[in-house]
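These notes concern the structure reproduced below.
Residue numbers (our numbering): 1 to 149.
In structure tokens form, the structure reads like this:
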């Protein structure tokens, strides 16, 4: 079982490195954001395989991605978006989008509705989790600056 996680980790790390190069991330953040991305995908796989709930896996992984991005942003003194975009790349439901479009092209409206709904829910989970974690960190930072004054 460990070998499959290692394979997924290496593949995700490599794919994210190339994504970061294409997006011209700073060299300082290249390796760190790729490591965060690979760990995010491993969190998804572990949760998904242990609980058998795809939605909970996406929720936990996107929460991990957002938390790690906020922490890395503070540690590296860079914007959190530099770390969050590469971290959620492995979570993007590309296969769901493909299947949704395939059902539409084949005029399979029930398949289109079910695949489209599932893909929208997954996308919504990722977006809302990232927004909530970001808002949580901003409120904590705001409290600390108000307390210092």
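Ideal placement from N, C-alpha and C gives every residue a C-beta, glycine not left out.
Whether residue i touches residue j by CB criterion (8 Å)
{"i": "residue 130", "j": "residue 88", "result": "yes"}
{"i": "residue 38", "j": "residue 12", "result": "yes"}
{"i": "residue 65", "j": "residue 36", "result": "yes"}
{"i": "residue 83", "j": "residue 72", "result": "yes"}
{"i": "residue 29", "j": "residue 47", "result": "no"}
{"i": "residue 32", "j": "residue 8", "result": "no"}
{"i": "residue 55", "j": "residue 3", "result": "no"}
{"i": "residue 58", "j": "residue 126", "result": "yes"}
{"i": "residue 67", "j": "residue 132", "result": "no"}
{"i": "residue 137", "j": "residue 70", "result": "yes"}
Neighbour-count burial assignment, residue i, 16 or more Cβ in a 10 Å radius
{"i": "residue 18", "result": "exposed"}
{"i": "residue 79", "result": "exposed"}
{"i": "residue 90", "result": "buried"}
{"i": "residue 53", "result": "exposed"}
{"i": "residue 81", "result": "exposed"}
{"i": "residue 96", "result": "buried"}
{"i": "residue 25", "result": "buried"}
Reduced DSSP secondary structure (H/G/I, E/B, other) of residue i
{"i": "residue 108", "result": "coil"}
{"i": "residue 37", "result": "helix"}
{"i": "residue 25", "result": "coil"}
{"i": "residue 130", "result": "helix"}
{"i": "residue 79", "result": "coil"}
{"i": "residue 93", "result": "coil"}
{"i": "residue 68", "result": "helix"}
{"i": "residue 1", "result": "coil"}
{"i": "residue 53", "result": "coil"}
The region 95-103 touching the region 114-130, judged by at least three CB pairs closer than 8 Å: yes
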